[in-house]
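Visitor: Sharing a structure below in structure tokens format, with a few things to ask.
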Amino acid sequence: MQDASPDERVFRPILKWASGAFLVGAMLPFVYLTTVSLLLSAYVHGWGFPSRPFLRAYSGPSNGLVIVPGVGGVFSNYSRLCNKLTRANHAPKANQ
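Reminder that position 2 of the sequence shown reads as 1 in numbering that gives the first Met the number 0, one-by-one numbering, no gaps.
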């Protein structure tokens, strides 16, 4: 068996770290938009936790995500999908 070259031993941990950081960086906006939709749904349906000022402060960066060139449309469509699935875009019907 042939041992790994010295260059390979040096660059392998760097490549693992860089690919892990890229993966986290790519997934983090989607996790954030999902939590925004869940909190918005809880607020719309009258749950006690997310107050309006908290929700406005927490969801502020989501506006910046949708204007990112190239992937802004993906984030915008994903946010709409999350809102639709969590029913955050529908107000509950009043009990009669």
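In this text, a Cβ means the ideal position worked out from N, Cα and C, and glycines have one as well.
(1) Kindly indicate which three-state DSSP category R86 falls into: helix, strand or coil?
(2) Taking 8 Å as the cut-off, decide whether the C-beta atoms of S61 and V23 are in contact.
(3) How would you label N76, buried or exposed, when you count the other beta carbons within 10 angstroms and need 16 or more for buried?
(4) Mind reading off the beta-carbon distance from L32 to C81? Whole number of angstroms is fine, and I expect it under 8 Å.
(5) In the DSSP assignment, find the unbroken alpha helix (DSSP H) run with P52 in it and report its ends.
(6) Using the beta-carbon count (16 or more within 10 Å), is S78 buried or exposed?
(7) What is the DSSP secondary structure of V35, counted as helix, strand or coil?
(8) Considering Cα atoms alone, identify which of S50, L64, L38 and S18 is closest to T85.
(9) Take L54 and list the residues in its own chain whose beta-carbon comes closer than 8 Å to its own, dropping the five residues that flank it on each side.
Guide: With the given structure in hand:
(1) On the sequence shown, residue 86 is found 87 positions in, with the first residue counted as 1. Of the three classes helix, strand and coil, the one that applies to R86 here is coil, per DSSP.
(2) If you number the sequence shown from 1, residue 61 lands on position 62. If you number the sequence shown from 1, residue 23 lands on position 24. Taking 8 Å as the Cβ cut-off, S61 and V23 do not qualify as a contacting pair.
(3) Here residue 76 refers to the residue found at position 77 of the sequence shown. The residue is exposed, with fewer than 16 neighbouring Cβ atoms inside 10 Å.
(4) Walking along the sequence shown from the start, residue 32 turns up at place 33. Walking along the sequence shown from the start, residue 81 turns up at place 82. Indeed, because the Cβ distance is near 6 Å, the residues count as touching under 8 Å.
(5) As a first step, residue 52 is located in the sequence shown; it is residue number 53 there, counting from the start. Where P52 is concerned, the enclosing alpha helix (DSSP H) stretches over R51 to V65.
(6) Here residue 78 corresponds to residue number 79 of the sequence shown, with the count starting at 1. With 16 or more other Cβ atoms within 10 Å, it is buried.
(7) Locating residue 35 in the sequence shown gives position 36, where the first residue counts as 1. Correct three-state label for V35: helix.
(8) Residue 85 sits at position 86 when you count from the first residue of the sequence shown. Of the candidates S50, L64, L38 and S18, the one whose C-alpha sits nearest the C-alpha of T85 is L38.
(9) Taking the sequence shown and counting its residues from 1, the one referred to as residue 54 is at position 55. Counting only Cβ-Cβ distances below 8 Å, and skipping sequence neighbours, we find L38, L39 and Y42.
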